[in-house]
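Those letters in the sequence shown? Residues 42 to 374, per my numbering, in order.
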Amino acid sequence: MIRNNWTKEEIQEIYELPLLELVYRAATVHREYNNTAEVQVCTLLSVKTGGCPEDCAYCPQAARYHTDVKVHSLLPTGEVLEYARKAKDAGSTRFCMGAAWREIRDNRDFDRVLDMIKGVNEMGMEVCCTLGMLTESQAEKLADAGLYAYNHNLDTSPEYYGEIISTRTYSDRLNTLGHVRKAGISVCSGGIVGLGETHGDRIKMLLTLSTLPQHPGSVPINALVRIKGTPLENNPKVDIWDMVRMIATARILMPKTMVRLSAGRTEMSISEQAFCFMAGANSIFAGDKLLTTPNPGFEEDNAMFSLLGLKPMEAFKEGKSKKSIIRSEKVLK
Ligand code: SAM
Ligand code: DTB
Ligand code: SF4
């Protein structure tokens, strides 16, 4: 049964189960609702890098921190489409374009992103974007261009949010998610483990996600990538069992959601990643780069997939909203 009336106490009870019992329960839910042999393979591309006015304490792209990231304005459309084609040829079925913007502005760069979305959509891949905050009408424009999903993370609990970001609020984040949902775009929203949050904060983030009007289509769980020059550069490395616990709890709360083992895989062994898949993760970012940091390459992941008997999932497996079906019919005409 899919529920979005979870209570904090219920979530805490699940989260605090003995680890192997938790993984067993999550694996059972996963088998009941999903094909456990399939993993969604998404490729990320940073289409506009660095120089961001926000102060997210983890982020290499915030202009105010002195990191090694090279600032780059919006990439040419042709270059983006060429990269998307290569990702498709390597087995990706979802292509996600990220921009280091605080919010979308109605300008020529946004029009160019709309063109990129149309181009990737025509290749038959699910298109996803993460472009910061947006308005209702901007969400409509993205939907009309064929956008399938929008990534906008809550990152942590409402209570801890202000310790990590001061230039926007949790409600700003939730409002954007509302606009995305209203436009019929699949919501992709998750968080980061390792920001210095407590177990209680992790539980409260999962409470927020699992009690949204509809569960997000996908929930990325990132391990903090510690970036030199950011306020969190000296945080301790994330414990693999914290990732496993987070993924397993997310799987039990949101049985049909794609739970994505996101940033941090370069520091995980195959056995550790296998545990995450066992606990219910069924999506990864592939390709040798996330937005600005390294990620295992396609070849390394293909070898892991054949070792573990996993296969890449086809595109458009998630339940499509009526609106997105009408929209794709329009595109086909
Ligand atoms: N600027 C847009 C925004 O913040 O919504 C989109 C791009 S932003 C880089 C996308 C997400 O990447 C963030 O919400 C955050 O969860 C994740 N992220 C950024 N830096 C990270 C890091 N060092 N480690 C793990 N995740 C990170
Ligand atoms: C998400 O949750 N993780 C991705 C994607 N959504 C956009 C980004 C991870 C970024 C890690 C740091 C970097 O490569 O810049
Ligand atoms: Fe900007 Fe997004 Fe990085 Fe925050 S996470 S500094 S909004 S690019």
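C-beta: ideal position from N, C-alpha, C; glycine also. Keep in mind it's a predicted model, so treat the numbers as computed, not measured.
Near ligand 2: residue i beta-carbon under 8 Å from a heavy atom
{"i": "ALA304", "result": "yes"}
{"i": "SER87", "result": "yes"}
{"i": "PRO257", "result": "no"}
{"i": "THR271", "result": "no"}
{"i": "PRO261", "result": "yes"}
{"i": "ASN323", "result": "no"}
{"i": "CYS97", "result": "no"}
{"i": "LYS330", "result": "yes"}
{"i": "PHE318", "result": "no"}
Under 9 Å between C-beta atoms of residue i and residue j
{"i": "LEU172", "j": "MET138", "result": "yes"}
{"i": "GLN102", "j": "GLY91", "result": "yes"}
{"i": "ALA291", "j": "ILE262", "result": "yes"}
{"i": "GLY232", "j": "ASP196", "result": "yes"}
{"i": "VAL70", "j": "VAL121", "result": "no"}
{"i": "CYS170", "j": "ASN192", "result": "yes"}
{"i": "LYS278", "j": "GLY237", "result": "no"}
{"i": "TYR65", "j": "ILE205", "result": "no"}
{"i": "THR118", "j": "ASP150", "result": "no"}
{"i": "SER198", "j": "MET246", "result": "yes"}
{"i": "ARG209", "j": "GLU95", "result": "yes"}
{"i": "SER212", "j": "PRO257", "result": "no"}
{"i": "THR307", "j": "ASN336", "result": "yes"}
{"i": "ALA128", "j": "LEU188", "result": "no"}
{"i": "LEU175", "j": "GLU144", "result": "yes"}
{"i": "MET295", "j": "ILE43", "result": "yes"}
{"i": "GLY309", "j": "ALA264", "result": "One detail in the question is off: residue 309 reads as Met in this sequence, not Gly. Yes, these two residues count as a Cβ contact at 9 Å."}
{"i": "GLU313", "j": "ILE293", "result": "no"}
{"i": "MET354", "j": "ALA68", "result": "no"}
{"i": "THR334", "j": "ALA304", "result": "yes"}
{"i": "ALA180", "j": "SER259", "result": "no"}
{"i": "THR288", "j": "ALA322", "result": "The amino acid at residue 288 is misidentified as Thr; the sequence shows Ile. Cβ distance < 9 Å, so ILE288 and ALA322 count as in contact."}
{"i": "LEU248", "j": "ILE52", "result": "yes"}
{"i": "PHE346", "j": "ALA131", "result": "no"}
{"i": "GLU167", "j": "THR134", "result": "yes"}
{"i": "MET253", "j": "ASN45", "result": "For clarity, residue 253 is Leu in the given sequence; the question names Met instead. Against a cut-off of 9 Å, the Cβ pair of ASN45 and LEU253 comes out as a contact."}
{"i": "SER230", "j": "TRP47", "result": "no"}
{"i": "ALA104", "j": "VAL112", "result": "yes"}
Distance cut-off 8 Å: residue i Cβ against heavy atoms of ligand 1
{"i": "CYS100", "result": "yes"}
{"i": "ASP280", "result": "no"}
{"i": "ASP196", "result": "yes"}
{"i": "ILE233", "result": "yes"}
{"i": "VAL266", "result": "yes"}
{"i": "ALA140", "result": "yes"}
{"i": "HIS220", "result": "no"}
{"i": "ASN336", "result": "no"}
{"i": "ASN275", "result": "no"}
According to DSSP, residues forming a beta bridge with residue i
{"i": "MET138", "result": "LEU86, CYS170"}
{"i": "PRO257", "result": "Bridge partners of PRO257: none, in fact."}
{"i": "PRO353", "result": "VAL80"}
{"i": "ILE262", "result": "GLY232, LEU302"}
{"i": "GLU238", "result": "For GLU238, which the question treats as bridged, DSSP gives no partner whatsoever."}
{"i": "GLU144", "result": "MET174"}
{"i": "PRO335", "result": "LYS330"}
{"i": "SER227", "result": "ALA190"}
Supposed contact pair residue j and residue i - C-beta distance, whole angstroms, cut 8 Å
{"i": "LEU349", "j": "ALA315", "result": "6 Å"}
{"i": "ALA186", "j": "ILE158", "result": "4 Å"}
{"i": "ALA78", "j": "LEU302", "result": "So it is not a contact: roughly 16 Å between Cβ atoms."}
{"i": "GLU177", "j": "HIS220", "result": "5 Å"}
{"i": "ARG153", "j": "LEU115", "result": "6 Å"}
{"i": "ILE244", "j": "TYR56", "result": "5 Å"}
{"i": "PHE136", "j": "VAL110", "result": "With 8 Å as the limit, PHE136 and VAL110 do not qualify as a contact, their Cβ atoms being about 22 Å apart."}
{"i": "ARG286", "j": "LEU63", "result": "6 Å"}
{"i": "CYS97", "j": "TRP142", "result": "The Cβ separation is near 12 Å, so there is no contact."}
Beta carbon proximity, residue i to chain C, threshold 9 Å
{"i": "SER212", "result": "Checking the listed chains, one finds no chain C in this structure; it contains a single protein chain."}
Ligand 3 heavy atom lying under 8 Å from the CB of residue i
{"i": "GLY173", "result": "yes"}
{"i": "ARG143", "result": "yes"}
{"i": "CYS93", "result": "yes"}
{"i": "ALA186", "result": "no"}
{"i": "ILE293", "result": "no"}
{"i": "ALA103", "result": "yes"}
{"i": "ILE417", "result": "Residue 417 lies beyond the stretch modelled for the chain, which goes from 42 to 374, so this question has no answer here."}
Going residue by residue through the segment 65 to 122, where are the continuous beta strand (DSSP E) segments of at least 3 residues, counting only ones entirely within it? DSSP runs (the beta strand (DSSP E)) wholly in the segment 65 to 122: 79 to 89.
Continuous beta strand (DSSP E) assignments of at least 3 residues falling wholly in the segment 274 to 329: Counting whole runs of 3 or more residues, the segment 274 to 329 contains the beta strand (DSSP E) stretches 299 to 302, 324 to 327.
Counting only runs of 3+ residues fully inside the segment 150 to 204, write out the beta strand (DSSP E) ranges in chain order. If we require 3 residues or more, the beta strand (DSSP E) runs fully inside the segment 150 to 204 come out as 167 to 171, 190 to 192.
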